[in-house]
Amino acid sequence: MKHPCYITIPIFFLLIMSCSKNHTIPVANIKFVKLEVPEKEHPIIKQYNLYFTSDIPIDSLLLEKGDLPRLYCPLTLVEKKEITIEDLKKNEHHFSGFFEKTDKLPQQEGIYNFVAKMRFYNKDGDKEKYMGRKKILEYIANKNCLISKIEEQFYMNTYTPYLSHAMCIPVKDILKIIE
Numbered sequence: 722m723k724h725p726c727y728i729t730i731p732i733f734f735l736l737i738m739s740c741s742k743n744h745t746i747p748v749a750n751i752k753f754v755k756l757e758v759p760e761k762e763h764p765i766i767k768q769y770n771l772y773f774t775s776d777i778p779i780d781s782l783l784l785e786k787g788d789l790p791r792l793y794c795p796l797t798l799v800e801k802k803e804i805t806i807e808d809l810k811k812n813e814h815h816f817s818g819f820f821e822k823t824d825k826l827p828q829q830e831g832i833y834n835f836v837a838k839m840r841f842y843n844k845d846g847d848k849e850k851y852m853g854r855k856k857i858l859e860y861i862a863n864k865n866c867l868i869s870k871i872e873e874q875f876y877m878n879t880y881t882p883y884l885s886h887a888m889c890i891p892v893k894d895i896l897k898i899i900e
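Each residue of the sequence shown is one higher than the last, beginning at 722 in my numbering.
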């Protein structure tokens, strides 16, 4: 009995694509430097510049294998040090943004400087909405630190998801800029 190509080829393609490869990117050690309001504020959306360092050139390593990496801080898992990809998928409230290299921090040998354009988000089904000040304060009240990681979930899961080591963003620094 012959199998029609319209069944065999898609099944073969799905089998190949379901095999995620290891990305071989080292786990970055990241460190918070500062948080500030940008010089040119967006007229409607509140955005914040979060400066941090890494011990590896994580932006270029992730760009070689995927898309734009982002810094991700789940607001409902702030006390949990070991955040997993599954945690991020379930999380509905977060502080996150894409990042790039910056020259606005002092250069140090073996240290890479980055700035992330961060916003507070509230996930509503498949949509993400910007979070207002009152809601932000509800989520960060009585907390000392927001745990954050660099995360990348590669297109069509061609590689296993990437997570850096955790970094602490002091809540006192967030309160200074949103109040």
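All C-beta atoms in this analysis are idealised placements derived from N, C-alpha and C, irrespective of residue type, glycine included.
The region 808-818 and the region 756-766 do not touch, with fewer than 3 CB-CB distances between them shorter than 8 Å.
The residues LYS870, GLU872, in chain order, have a CB closer than 6 Å to that of LEU884 in the same chain once the five nearest residues on each side in sequence are set aside.
The bridge partners DSSP lists for ASN834 are THR774. Under the three-state reduction of DSSP, LYS810 is assigned to helix. Residue ASP776 holds the alpha-carbon nearest to the alpha-carbon of TYR833 among ILE766, ASN750, ASP776. Looking at GLY831, TYR772, PHE841, ASP808, the one whose alpha-carbon comes closest to that of ILE766 is PHE841. Distances from the CA of CYS866 to each of MET852, THR797, PRO747 were compared; the closest alpha carbon is that of THR797. Counting C-beta atoms within 10 angstroms of its own C-beta, TYR769 has 16 or more neighbours from the protein chains shown and is therefore classed as buried.
Distance from the Cα of LEU756 is smallest, within the candidate group VAL836, GLU830, ALA862, for VAL836. Apart from the 5 residues on each side of it in sequence, THR823 sits with its Cβ closer than 7 Å to the Cβ of TYR772, ASN834, PHE835, VAL836 in its chain, given in chain order.
In the assembly as shown, ASP780 is a buried residue. Its beta-carbon has 16 or more other beta-carbons within 10 Å. Burial is judged here by how many other beta carbons sit within 10 angstroms of a residue's own beta carbon; PHE819 has fewer than 16 and is exposed.
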